[in-house]
Amino acid sequence: MAEVDYAALKKGGFMRQIQKDKFSMRLKVIGGQLKAEQLQKISEVARKYGRGYVHLTSRQGVEVPFISVEDIEAVKKELAGGGVSVGVCGPRVRTVTACQGLAVCPSGAIETTNLAEELDGRYFGKELPHKFKIGITGCKNNCLKAEENDLGVKGGVFPEWKQKDCSWCGLCEAVCPPRVVKVDKEKQTLAFEKEGCVYCGKCVKSCPSGAWEGKGGYLLSFGGMFGNEIKEGLHLLPIVFEKDKVFKAADATIQFYRSHGRAGERMGKTLIRVGAEVLKKDLEEALK
Amino acid sequence: MSGQADARQTSARVDITDVVCPVTFVKTKVALEELEDGEVLEVRLNGGEPIQNVPRSLKDEGHKVTNVSQLDDGTFLLTVVKGGLL
Chain A
9 MAEVDYAALK KGGFMRQIQK DKFSMRLKVI GGQLKAEQLQ KISEVARKYG RGYVHLTSRQ
69 GVEVPFISVE DIEAVKKELA GGGVSVGVCG PRVRTVTACQ GLAVCPSGAI ETTNLAEELD
129 GRYFGKELPH KFKIGITGCK NNCLKAEEND LGVKGGVFPE WKQKDCSWCG LCEAVCPPRV
189 VKVDKEKQTL AFEKEGCVYC GKCVKSCPSG AWEGKGGYLL SFGGMFGNEI KEGLHLLPIV
249 FEKDKVFKAA DATIQFYRSH GRAGERMGKT LIRVGAEVLK KDLEEALK
Chain B
7 MSGQADARQT SARVDITDVV CPVTFVKTKV ALEELEDGEV LEVRLNGGEP IQNVPRSLKD
67 EGHKVTNVSQ LDDGTFLLTV VKGGLL
């Protein structure tokens, strides 16, 4: 048998197992979504070439363990026939994770599934100094843990209040988690401390008279990691409202990491070494 | 407006401080089913998840919250007009 090129296999999503010549095959999943026909193909492959089961990874991925090295090409071909491709590992852009966002979830503030596809299309597999994770979460509830990622995207709602439609019921004050809305029912006045707003959109979603209107936007975080070392991604920008700006910021971030990151250094560490203000400046420049 | 709704007589009361999501809304819905459109339900509920979710669900189903007040024990009282948003 030809010598096994482990680095090439790892790049192509084949993870070494403790069992010699067996690999756990990582599949490509975007935004946590698989079509029924893809699942069917994965099921067939797991039965035929693996041990009849799959493992779900912590980042919405699927792995099929116990693939023999001699079956790798055949497995890839079969999977491709069912619209399934293999994932990646190593120092490059990984799976883009996402929750279901506003298309499905009552809390969602932004569309997430298409955004994950688009980010995947732009960056998936790109070589970088170390692994690079992108995660999208549709709202403040943060089910997809945006700040754990090298680049995190979180949906937010920027609310605006229109006095003419207000019925002075006081509900927005009651539902506001940071309590930055105060309603005086007697005097019919409302105070909103914008600076303290967490963009959760609860005022908008619950207002019975439509007096609160919200604009969905993206809150970005940079340099998060949750592995050997743990670091929360930094919020270096105010909320942005155009999807195009998310891509511009992502381009600038990847460019920054390429220019400043050392081999084997996660971007969070690069930010500590070089200074987060360097990336902040790049981002502000890119979004001008 | 709140003044008008407050003037309406409360037709029924339900206390959902003894249950958790999703039973909070189920209990509220069951109470609303007993009423006619335009009748008023008073709901006593806890802060946190219930106050953040139940009013939103009421809105989604076309019922109008006309007043909210917080009691001394920290719980909330919602005044809801059945079908008030339809």
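Going line by line, the protein sequences match chains A and B.
The numbering of the first sequence is the numbering used here, which starts it at 9 and goes up by one.
The numbering of the second sequence is the numbering used here, which starts it at 7 and goes up by one.
By construction, the Cβ of each residue, glycine as well, lies at the ideal position given by its N, Cα and C atoms.
The structure displayed is predicted, hence computed values, not measured ones.
Taking DSSP as the reference, what is the three-state secondary structure of Gly129/A? helix
Can you list, in chain order, the residues of its chain with a C-beta nearer than 7 Å to that of Ala117/A? Leave out the 5 residues immediately preceding and following it. Excluding residues within five positions, the ones whose Cβ falls inside 7 Å are Leu110, Gly146, Cys147, Gly163, Gly164, Val165, Gly209, Gly224.
Do Pro141/A and Asp158/A have their C-beta atoms closer together than 7 Å? First, the residue type needs correcting, since residue 141/A is Lys and not Pro in the sequence shown. Lys141/A places its beta carbon less than 7 Å from that of Asp158/A.
Which residues share a DSSP beta bridge with Ala33/A? At residue 33/A the sequence reads Met, which differs from the Ala that was named. DSSP output for Met33/A lists Phe22/A, Val72/A as bridge partner(s).
Rounded to whole angstroms, what is the Cα-Cα separation between Phe31/B and Val60/B? 6 Å
Looking at the secondary structure, which residues open and close the beta strand (DSSP E) in which Asp21/B lies? Annotation for Asp21/B: the continuous beta strand (DSSP E) segment containing it runs 16-21.
7 Å Cβ cut-off: residues of chain B touching Cys6/A: Residue 6/A is absent from the model: chain A starts at 9 and stops at 296.
List the residues that DSSP assigns as beta-bridge partners of Pro167/A. Gly222/A
Gln27/A classed as buried or exposed, judged by whether at least 16 other C-beta atoms fall within 10 angstroms: exposed
Through-space distance from Ala16/A to Met9/A, alpha-carbon basis: Its pLDDT being 47, under 50, Met9/A is placed unreliably in this model, and the value from its coordinates should be taken loosely. Cα to Cα, Met9/A sits roughly 16 Å from Ala16/A.
From Pro114/A, Lys36/A, Gln68/A, residue whose alpha carbon lies closest to that of Val94/A: Lys36/A
Roughly how many angstroms lie between the CA atoms of Thr23/B and Thr65/A, to the nearest whole one? Answer to the nearest angstrom: the Cα atoms are 38 Å apart.
Along the stretch 208-226 of chain A, where does the CB come closer than 7 Å to a CB of chain B? Name the residues. Lys210, Lys213, Ser214, Pro216
Reference Gly231/A, options Lys213/A, Val161/A, Asn150/A, closest by Cα: Val161/A
For Ile144/A, name the three-state secondary structure that DSSP assigns. strand
Confirm, please, whether the CB-CB distance from Val248/A to Tyr265/A is below 7 Å. no
Quick one: using the 10 Å Cβ neighbour count with 16 as the cut-off for buried, is Asp290/A buried or exposed? buried
Tell me the residue span of the alpha helix (DSSP H) that contains Val183/A. 179-183
Chain B residues whose Cβ lies nearer than 7 Å to that of Val165/A: What Val165/A touches in chain B: nothing, since even the nearest Cβ is about 13 Å away.
Where the beta strand (DSSP E) containing Phe82/B begins and where it ends: Start and end: 82-87.
Sub-7 Å separation of Glu292/A and Ser229/A beta-carbons: no
Met233/A versus Arg187/A: straight-line alpha-carbon distance, rounded: 30 Å
Note down, in chain order, each residue of its chain lying with its Cβ closer than 8 Å to the Cβ of Ala271/A, except the 5 sequence neighbours on either side. Pro99, Pro137, His138
Given this structure, state the Cα-to-Cα distance separating Gln196/A from Glu181/A, to the nearest angstrom. 13 Å
Would you mind stating whether Gly58/A and Val72/A have Cβ atoms separated by less than 7 Å? yes
Is Phe200/A helix, strand or coil when you go by DSSP? Of the three classes helix, strand and coil, the one that applies to Phe200/A here is strand, per DSSP.
Pick from Phe22/A, Ile280/A, Gln48/A, Leu287/A: whose alpha carbon is nearest that of Glu237/A? Ile280/A
Short of 8 Å Cβ to Cβ, which residues in the stretch 182-196 of chain A face chain B? Ala182, Val183, Pro185, Lys193
Tell me which residues share the same chain as Gly178/A and place their Cβ nearer than 7 Å to its Cβ, disregarding the 5 neighbours each side in the sequence. Only Val191, Lys193 meet the Cβ criterion.
Which first and last residues belong to the alpha helix (DSSP H) in which Glu292/A is found? First-last of the alpha helix (DSSP H) with Glu292/A: 284-294.
When you compare each of Ala44/A, Asp29/A, Cys151/A, Ala258/A to Val77/A by their alpha carbons, which one comes out closest? Asp29/A
Outcome for Pro56/B when other beta-carbon atoms lying within 10 angstroms are tallied against a minimum of 16: buried
Chain-order list of residues whose beta-carbon lies under 6 Å from that of Arg274/A (same chain, five-residue window excluded): His138, Met233
Would Phe82/B count as contacting chain A if we go by Cβ distances under 7 Å? yes
Any beta carbon of chain A sitting closer than 7 Å to that of Arg62/B? At least one CB atom of chain A sits nearer than 7 Å to the CB of Arg62/B.
With DSSP collapsed to three states, give me the class of Ile247/A. coil
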